[in-house]
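Engineer:
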Amino acid sequence: MALKQAQGQFSKPLSEQYSLVKFNDLTICFSRKKVYKKQKDIQLSELSYQLLVTLLNNAPNPVSCTQLQTLVWGNVITGEDNVKQRIRILRLALGQEGAGESIKNARGKGYYIDAKLTWQLQKELPLVAYLKSPVVYTVVLLLLVGNSLPYEKEVLSKHSISELTIHKEDVIRIAAADESQAFCFDGYDDYIEIADTDELDISIEDFSITAWIKTTALEQRVIVDKRYENQLSHVQGYVLFVDEGRLGFQLADGQGSWYCGQPGASCTNYITQAFIADGNWHHIAVSIDRDDSSGIRFFVDGRQTCSHDPTLRSGSLANNMPLRIGSRSSYLTGLFEGQIAEVALYHRALDVYDIASDYQKGNTRQCYSIATKGGLITAKR
Numbered sequence: 001m002a003l004k005q006a007q008g009q010f011s012k013p014l015s016e017q018y019s020l021v022k023f024n025d026l027t028i029c030f031s032r033k034k035v036y037k038k039q040k041d042i043q044l045s046e047l048s049y050q051l052l053v054t055l056l057n058n059a060p061n062p063v064s065c066t067q068l069q070t071l072v073w074g075n076v077i078t079g080e081d082n083v084k085q086r087i088r089i090l091r092l093a094l095g096q097e098g099a100g101e102s103i104k105n106a107r108g109k110g111y112y113i114d115a116k117l118t119w120q121l122q123k124e125l126p127l128v129a130y131l132k133s134p135v136v137y138t139v140v141l142l143l144l145v146g147n148s149l150p151y152e153k154e155v156l157s158k159h160s161i162s163e164l165t166i167h168k169e170d171v172i173r174i175a176a177a178d179e180s181q182a183f184c185f186d187g188y189d190d191y192i193e194i195a196d197t198d199e200l201d202i203s204i205e206d207f208s209i210t211a212w213i214k215t216t217a218l219e220q221r222v223i224v225d226k227r228y229e230n231q232l233s234h235v236q237g238y239v240l241f242v243d244e245g246r247l248g249f250q251l252a253d254g255q256g257s258w259y260c261g262q263p264g265a266s267c268t269n270y271i272t273q274a275f276i277a278d279g280n281w282h283h284i285a286v287s288i289d290r291d292d293s294s295g296i297r298f299f300v301d302g303r304q305t306c307s308h309d310p311t312l313r314s315g316s317l318a319n320n321m322p323l324r325i326g327s328r329s330s331y332l333t334g335l336f337e338g339q340i341a342e343v344a345l346y347h348r349a350l351d352v353y354d355i356a357s358d359y360q361k362g363n364t365r366q367c368y369s370i371a372t373k374g375g376l377i378t379a380k381r
């Protein structure tokens, strides 16, 4: 009751009256927009942070999905299913899933914080600002799959593109021709697009994707995407992404609606707990054995982090959209911020030994700020 009285006496929300709040093993520092779990910094995106703060400001009262859309998303159009998905991602980031979760749902009323909140004032500490210079580069693609059979195909990028060569085997490799150069993305307008080919499509077979990435971005960012998306109908294809700094993957077989979070959806998202948005290079891999109940296996730096059941999505993933690195295939959103190198698509499920071996090869690529953006070049035989 004291908390409600305190809220009623001020026009400002509690997050603007206090410097921090504690509940369970979490500390939320409003002055720095930081969340700590047992003194360890939890990396949250701006959206997830605002979602958490909104729930705290209204605690212990529940906040409905409609209210959250207004308070958190503002003028950005979103749906109730997306709100539910972001709540789940927030719980996952806070380590609050399962029996010990503090963000709960009051049926028909909304979401609320179910925990004792301790609000505190503290002295302001000096903040250190870090400035990052923008990076531009020239992209030259080399696409390889095995037996040295040249294949003519147009490749599009926001940067310059050169020859695309496909060699038939079971792996397609996408990398800069300069073996010391990675793909560099600013998070605003950089992406690489490769026009649709059968080699890039997955029907009902097993497959795997590997890459090296380096990022500090916490928002949802795309690594590799080949999907058809129509908000009025369905989704079909596959996408490897980072969300809240954690690796995720989506299978979409076109059987159902566009929203992945609702019953009867045409897509399913799978998320790993492993945090990779720490500014270091990481080897990432996802291996999909389509008829195995634990067939989706995530790997970070050569080690398996978790597994999921892909059998619900047994239909074809094939579509006529281009493959993009660093952006969604159907929209210019989810733009990657950071570096990506050595992307590989396998038409088989890699095992732990394959992935450990690939990781042991290491990564020698990086971005160079002296490079410049260029135009479009069509690949030739």
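Throughout the sequence shown, residue numbering follows UniProt numbering, covering 1 to 381 in sequence. Cβ atoms here follow ideal geometry from the backbone N, Cα and C, with glycine treated the same way.
(1) Using C-beta distances below 7 angstroms, list every residue in its chain close to N61, excluding the 5 sequence neighbours before and after it, in chain order.
(2) Less than 7 angstroms between the beta carbons of D225 and R313, yes or no?
(3) Could you check what DSSP says for C65 in three-state terms: helix, strand or coil?
(4) Quick one: residues in its chain with C-beta nearer than 8 angstroms to the C-beta of S294, no 5 flanking neighbours on either side, listed in chain order?
(5) By alpha-carbon positions, which one of A265, I209, L251 ends up nearest to S257?
(6) Out of curiosity, what's the CA-to-CA distance linking Q366 and A341?
(7) Here's a check: name, in chain order, each residue in its chain whose Cβ is nearer than 7 angstroms to the Cβ of K361, leaving out the five neighbours to either side.
(8) Measure the C-alpha to C-alpha separation of K12 and D189 and round it to an integer number of angstroms.
(9) If I'm right that Y238 touches M321 with Cβ under 8 angstroms, what's the distance once you round it to whole angstroms?
(10) In chain order, what residues of the same chain have a beta carbon less than 6 angstroms from the beta carbon of G187, not counting five sequence neighbours either side?
(11) Using a 10 Å radius around the Cβ and a threshold of 16 neighbouring Cβ atoms, would you call S180 buried or exposed?
(12) Using the rule of at least 16 other Cβ atoms within 10 Å of the residue's Cβ for burial, across every protein chain shown, is V242 buried or exposed?
(13) Buried or exposed for E16, please, with buried defined as at least 16 other CB atoms from any protein chain shown within 10 angstroms of its CB.
(14) Taking C-beta to C-beta, are A274 and G245 nearer than 7 angstroms?
(15) Checking 7 angstroms against the spacing of the C-beta atoms, do N57 and L14 come in under that value?
(16) Report the rounded CA-to-CA distance for V83 versus S357, giving the unit in angstroms.
(17) For I166, count the other beta carbons within 10 Å of its own beta carbon; 16 or more makes it buried, fewer makes it exposed. Which is it?
(18) Since I276 is in the alpha helix (DSSP H), which residue starts that stretch and which ends it?
(19) Does E193 get closer than 7 angstroms to chain B when you measure Cβ to Cβ?
(20) Per DSSP, which one or two residues make a beta bridge with G248?
(21) Exposed or buried, what is E193 when buried is set at 16 or more other beta-carbons lying within 10 Å of its beta-carbon?
(22) For S15, report the span of its alpha helix (DSSP H) as first-last.
(23) What first and last residue would you give for the beta strand (DSSP E) that runs through Y228?
(24) Which residues in the same chain have their Cβ closer than 7 angstroms to the Cβ of Y346, if we skip the five residues on either side of it in sequence?
Structural biologist: Looking at the atomic coordinates:
(1) If we look at N61 and ignore the five residues flanking it on each side, its Cβ neighbours are Y112.
(2) In this structure, R313 does not lie closer than 7 angstroms to D225 by Cβ.
(3) C65 carries a helical assignment under DSSP once its states are collapsed to helix, strand and coil.
(4) Taken in chain order, the residues that qualify are S307, H308, D309.
(5) Measuring from the Cα of S257, the nearest candidate turns out to be A265.
(6) Linking Q366 to A341 through their CA atoms gives a straight-line distance of about 8 angstroms.
(7) Closer than 7 angstroms at the Cβ level, and outside the excluded window around K361, lies no residue.
(8) For K12 and D189, the distance between alpha carbons rounds to 37 angstroms.
(9) 11 angstroms between Cβ atoms; not a contact.
(10) For G187, where only same-chain residues beyond five positions count, the Cβ hits under 6 angstroms are L335, E337.
(11) Looking at its Cβ environment, which holds fewer than 16 other Cβ atoms inside 10 Å, S180 is exposed.
(12) Flag for V242 reads buried.
(13) Exposed, since its Cβ has fewer than 16 Cβ neighbours within 10 Å.
(14) Against a cut-off of 7 angstroms, the Cβ pair of G245 and A274 comes out as no contact.
(15) Inclusion of N57 and L14 in the CB contact set at 7 angstroms is warranted, their separation being smaller than that value.
(16) When rounded, the distance between both Cα atoms is 40 angstroms.
(17) Annotation note: pLDDT 38 at I166 (below 50); position unreliable, no value reported.
(18) Here I276 belongs to no alpha helix (DSSP H), and DSSP marks it neither H nor E.
(19) Note that chain B does not occur in the displayed structure, where there is just one protein chain.
(20) F241, I271.
(21) E193 comes out buried.
(22) For S15, the enclosing alpha helix (DSSP H) begins and ends at 14-17.
(23) Where Y228 is concerned, the enclosing beta strand (DSSP E) stretches over 221-229.
(24) Sequence-distant Cβ neighbours of Y346 in its own chain, meaning closer than 7 angstroms and more than five residues away, are D170, V171, F207, S208.
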